[in-house]
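Accompanying notes for the structure given below.
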Amino acid sequence: MSRTAQLTIDGTSIELPAIVGSEGELGIDIATLRSKTGAITLDPGYGNTGSCESAITFIDGEQGILRYRGYDIAELAERSHFLETSYLVIHGELPDAVALDAFSRRIAEHAALAPSARGHFESFPADAHPMAVLGAMIHAASTHHPEILSRRIEDFDTHAARLIGQTATIAALDHRRSQGLPWIEPDPSLGYIENFLRMMFSPDGREVRLPSSEVVRALDVIFVLHADHEQNCSTSTVRMVASSRASLYASAAAGVSALWGPLHGGANQAVLEMLTEIHSEGDDGTRFLEQVKNKSGNRRLMGFGHRVYKNFDPRALIIKQQCDLVLARLHKADPLLDIAKKLEETALHDDYFVSRKLYPNVDFYSGIIMRAIGIPTEMFTVLFAIGRMPGWIANYKEVMEDKQGKISRPRQIYTGATRRAYVAPDERG
Ligand code: ACO
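Position in the sequence shown counted from 1, then plus 26, gives you this note's numbering.
Put into structure tokens, the structure is as follows:
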């Protein structure tokens with residue numbers, strides 16, 4: 027039975043069709059609202075607005091459910107791995123062995139930067155923020171592969187593979203540059219995570235220091251957990267840019283920019299900075315939490331709260347286990363971790379946080395794992411971007427495949443000055 031909604035504005039009633047998603051989510055289709063009534067909707071922050079229909083990721087924030095293409099995140103984190111999950115997110119199905127092998131090989135084959143890209147790369151200041159470098163290098167990649175501008179669908183898999191492969195390469199080479207370590211090339215014979223860690227930490231590129239299986243696994247799980255997250259700020263940005271028919275590279279670079287902010291992907295860096303600050307002030311977290319609750323100094327408990335998850339973030343439960351395993355394996359006693367545990371325990375029982383449904387999100391623990399592995403704090407958001415790349419690519423593909431798709435162009439309620447006459451400079455009071 028089709029469902030509808032009635033809306034009455036100034037005595038005039040209209041009927042609007044309802045769209046029901048495959049998990050029963052109900053949306054009111056307001057596409058005809060303005061033409062029928064002259065009114066638009068206003069929803070700052072888009073908390074009540076569905077911007078698209080999508081078959082990639084399902085989230086139920088009340089129940090703490092996250093699924094990629096129907097598969098539960100806990101099952102994928104336990105049984106899948108990043109490249110397999112990337113294939114699933116982009117192509118919609120789990121790959122068979124042949125398809126996974128071809129997908130992984132293509133990523134490994136395209137992981138090296140174009141020789142001429144090295145010049146751009148080395149021209150950045152030594153202390154350039156890695157997110158700025160990542161965004162710039164993704165844009166630069168499209169200058170080395172102008173065929174992307176034709177947006178030929180046959181080339182899509184190659185461009186997608188290049189983005190997944192080169193995002194890790196750019197991240198690791200940027201780290202090497204900042205440390206004064208020599209340039210090295212990716213090693214296609216290694217797994218994605220092993221190659222990334224080798225590029226990050228091998229002093230000369232020849233020495234392959236194999237990290238412990240717990241470290242490789244934890245990083246893999248972090249990437250799986252970040253692979254997609256429905257219409258978050260960066261993914262919506264990717265879709266918006268894609269809607270203008272811009273290239274995959276331009277859209278992905280825009281995603282990097284949106285992800286950078288501390289209320290989004292920048293939160294994992296912000297968590298570590300918050301913990302470091304609390305530690306440097308000789309606080310165990312108690313004074314800090316009081317300031318957060320008093321709202322003095324506009325401080326927030328970073329790594330807590332989520333726009334969508336209002337009971338718990340399912341990714342946080344999984345990553346907390348990985349965090350414990352890595353710290354036990356690396357025998358790391360970390361005063362920042364002690365502060366994090368104290369903040370977590372206190373906040374979970376404090377009425378301020380409980381009444382506002384503020385729980386730890388994925389960023390609360392991912393930063394601690396990355397710190398234990400030796401990844402510098404300013405690179406945390408770059409690792410988020412490596413993980414999120416398949417989700418951006420899948421969303422870009424969905425926009426491109428929607429032949430009816432329109433350019434994203436929201437409206438606004440104008441609140442500025444009404445019409446007034448121009449005043450010459452010498453007549454302005
Ligand atoms: N610490 C303290 N108070 C908070 C926090 C927090 N982390 N988050 C929300 N609040 C409070 C707000 O001050 C507000 O209080 P009020 O009702 O007294 O005014 C109330 O909770 C609601 O806050 P909103 O900002 O309206 O919640 P919203 O859903 O818009 O924000 C957000 C979600 C941005 C994630 C927010 O919780 C936050 O800033 N968290 C810290 C940053 C963070 O960890 N971001 C990562 C998000 S996950 C991700 O991107 C992977």
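Here a beta-carbon is modelled for each residue, glycine too, at the ideal position from N, C-alpha and C.
Could you check where the alpha helix (DSSP H) with residue i kicks off and where it finishes?
i: residue 167; result: 156 to 170
i: residue 187; result: 182 to 205
i: residue 30; result: Here residue 30 belongs to no alpha helix (DSSP H); instead the beta strand (DSSP E) covers 30 to 35.
i: residue 291; result: Taken as a continuous stretch (DSSP letters only), residue 291 belongs to no alpha helix (DSSP H), as it is neither H nor E.
i: residue 324; result: Premise fails: residue 324 is in no alpha helix (DSSP H) and is neither H nor E.
i: residue 153; result: First-last for residue 153: undefined, no H or E at that position.
i: residue 249; result: 239 to 252
i: residue 281; result: 274 to 285
i: residue 145; result: 143 to 148
i: residue 224; result: 218 to 227
i: residue 378; result: 377 to 381
i: residue 314; result: 312 to 320
i: residue 368; result: 361 to 374
i: residue 347; result: 340 to 355
i: residue 267; result: 259 to 269
i: residue 61; result: 59 to 63
Please classify residue i: is it buried, with 16 or more other beta-carbons within 10 angstroms of its beta-carbon, or exposed?
i: residue 436; result: exposed
i: residue 273; result: buried
i: residue 423; result: buried
i: residue 251; result: buried
i: residue 199; result: buried
i: residue 175; result: exposed
i: residue 375; result: exposed
i: residue 451; result: exposed
i: residue 68; result: exposed
i: residue 306; result: exposed
i: residue 218; result: buried
i: residue 348; result: buried
i: residue 324; result: exposed
i: residue 124; result: exposed
Going by CA-CA distance only, name the one from the options that's closest to residue i.
i: residue 308; options: 169, 362, 390 and 84; result: 362
i: residue 294; options: 406, 354 and 272; result: 406
i: residue 132; options: 392, 350 and 112; result: 112
i: residue 383; options: 88, 53 and 29; result: 88
i: residue 201; options: 442, 452, 418 and 401; result: 401
i: residue 97; options: 70, 167 and 253; result: 253
i: residue 58; options: 33, 443, 375 and 82; result: 33
i: residue 47; options: 82, 39 and 90; result: 82
i: residue 352; options: 391, 103 and 70; result: 391
i: residue 128; options: 105, 171, 109 and 118; result: 109
i: residue 403; options: 116, 288, 354 and 55; result: 288
i: residue 228; options: 259, 205, 411 and 166; result: 205
i: residue 265; options: 417, 453 and 164; result: 417
i: residue 145; options: 154, 166, 135 and 125; result: 166
i: residue 51; options: 62, 183, 60 and 79; result: 79
Go to residue i, then tell me how far its beta strand (DSSP E) extends in each direction, as first and last residue.
i: residue 412; result: Run containing residue 412: none in the beta strand (DSSP E); it sits in the alpha helix (DSSP H), 406 to 427.
i: residue 46; result: 38 to 46
i: residue 113; result: No beta strand (DSSP E) holds residue 113; the alpha helix (DSSP H) holding it covers 108 to 117.
i: residue 511; result: Only positions 27 to 455 of the chain appear in this structure, which leaves residue 511 out of reach.
Leaving out five residues on either side along the sequence, give the residues of the same chain with a beta carbon under 7 Å from the beta carbon of residue i.
i: residue 195; result: 137, 138, 139, 212 and 225
i: residue 157; result: 282, 286, 407 and 408
i: residue 474; result: This structure gives no information on residue 474, because the portion of the chain shown stretches from 27 to 455.
i: residue 336; result: 87, 88 and 383
i: residue 231; result: 208 and 210
i: residue 103; result: 247, 250, 251 and 344
i: residue 142; result: 170
Can you tell me which residues form a DSSP beta bridge with residue i?
i: residue 386; result: 330
i: residue 86; result: 91
i: residue 53; result: 45
i: residue 5; result: With the chain covering 27 to 455 only, the question about residue 5 has no answer from this structure.
Could you name the residues of the same chain whose beta carbon sits closer than 6 Å to that of residue i, not counting the 5 residues immediately before and after it, in chain order?
i: residue 358; result: 398
i: residue 49; result: 84
i: residue 29; result: 44
i: residue 93; result: 84
i: residue 53; result: 45 and 76
i: residue 341; result: 251 and 388
i: residue 105; result: none
i: residue 150; result: 159
i: residue 433; result: 269 and 270
Starting from the C-beta of residue i, find all residues in its chain whose C-beta is less than 8 Å away, skip the five residues before and the five after it, and write them out in chain order.
i: residue 36; result: none
i: residue 332; result: 87, 339, 385 and 387
i: residue 241; result: 223, 352, 355, 356 and 399
i: residue 179; result: 426
i: residue 360; result: 353, 394, 397 and 398
i: residue 372; result: 311, 312 and 315
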